[in-house]
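A quick write-up on the structure given underneath.
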Amino acid sequence: MKKQISVLLGSIMLTGSILTGCGNEKTSTENKEKATSAEQKDVSNKSEKEEKGTVNLSKVGQKAKADGNEAELMKIKEVNQTVDIAPIKYTVKDMKIIKLNKVNKSMTEFLLQYTGGNKLPDDLNYIQIQYSVENTSDQNVDFYGLQKVVLNNGEQLDAIGNDFIWESEDSDSKFYGKVKKEGSVGLIIKGKPEEITSAKLIFSNTVNPDGYETITEEQQAEFQF
Numbered sequence: 001m002k003k004q005i006s007v008l009l010g011s012i013m014l015t016g017s018i019l020t021g022c023g024n025e026k027t028s029t030e031n032k033e034k035a036t037s038a039e040q041k042d043v044s045n046k047s048e049k050e051e052k053g054t055v056n057l058s059k060v061g062q063k064a065k066a067d068g069n070e071a072e073l074m075k076i077k078e079v080n081q082t083v084d085i086a087p088i089k090y091t092v093k094d095m096k097i098i099k100l101n102k103v104n105k106s107m108t109e110f111l112l113q114y115t116g117g118n119k120l121p122d123d124l125n126y127i128q129i130q131y132s133v134e135n136t137s138d139q140n141v142d143f144y145g146l147q148k149v150v151l152n153n154g155e156q157l158d159a160i161g162n163d164f165i166w167e168s169e170d171s172d173s174k175f176y177g178k179v180k181k182e183g184s185v186g187l188i189i190k191g192k193p194e195e196i197t198s199a200k201l202i203f204s205n206t207v208n209p210d211g212y213e214t215i216t217e218e219q220q221a222e223f224q225f
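According to full-length UniProt numbering, the stretch in the sequence shown is residues 1 to 225, in order.
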């Protein structure tokens, strides 16, 4: 079902973009900046344009419409910082808060799986995190990516079970040598966009698939909007 919704909407809701017959929008200067190392903490503690024809939602207030759906960009932060979970490098490109002003029947039925109940909330917002991830070594590595997102308002979001953006890499945790992947995570939030000022990202450990021993413990990094 995730795949069907992703195909149905193209780039509009799921990546904060809208398809157009025109040319590309210029990529922002910030987007081109080299990613820097993010402040991060070991949290193990023994517990714990774009492609041609696509216009990106890059300014607050911009809207995208397709197939009876409408998305509006409420917040954006160009992050371009890298979290080191050796030998994995996870780069957070940007974070966005997007409001779904209108959703068609298919999208409504799909999103109800992630909100519960029989009716979508009047204010339907989600956080989108765009990323790239790279195995910098020749060895094979198991890495399950982003695990949790903790917002400053106290919401803790399950980035594994509640990510409604479908991508083929989601089901593949294996990195066979020097592999690069990229994608987006989409998580519905309960708080209002204006309340969200920061997001703490919790990443899985890296594991040697041969002996299943941990290479690097879980890591976390916090970013401000």
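Heads up, the beta-carbon is just placed ideally off N, CA and C, and yes, glycines get one too.
Check residue i in the structure and name its three-state DSSP category.
i: S106; result: helix
i: L120; result: coil
i: E194; result: helix
i: L100; result: strand
i: N205; result: coil
i: E222; result: strand
i: K59; result: coil
i: A199; result: strand
Just confirm the distance between the C-beta atoms of residue i and residue j, as a whole number of angstroms; I'd bet it's less than 8 Å.
i: V185; j: A221; result: With 8 Å as the limit, V185 and A221 do not qualify as a contact, their Cβ atoms being about 14 Å apart.
i: N125; j: K102; result: With a Cβ gap of about 13 Å, N125 and K102 do not count as contacting.
i: G177; j: Y131; result: Their Cβ separation, rounded to whole angstroms, is 20 Å, which puts G177 and Y131 out of contact at 8 Å.
For residue i, list the residues DSSP reports as bridge partners.
i: T36; result: Q81
i: Q113; result: For Q113, which the question treats as bridged, DSSP gives no partner whatsoever.
i: D94; result: E78, Q130
i: L73; result: I98
i: A64; result: A71
i: L187; result: I127
i: E182; result: S132
i: I88; result: I85, N135
Pick from the options: whose alpha carbon is nearest that of residue i?
i: M74; options: F164, V103, Y176, I196; result: I196
i: G61; options: I188, P193, S37; result: P193
i: S204; options: E218, D210, D67; result: E218
i: T36; options: S106, M107, D84; result: D84
i: Q128; options: N140, L151, K65, T206; result: L151
i: N104; options: I202, K119, Q156; result: K119
i: Y114; options: T82, L201, L157, M95; result: L157
i: G191; options: N153, V79, D67; result: N153
i: V179; options: P87, E109, A38; result: P87
i: F164; options: I188, A66, I76, T108; result: I188
- Residue ranges of each beta strand (DSSP E) run of no fewer than 3 residues wholly in the segment 124-170, ordered along the chain? 125-135, 141-143, 146-151, 156-158
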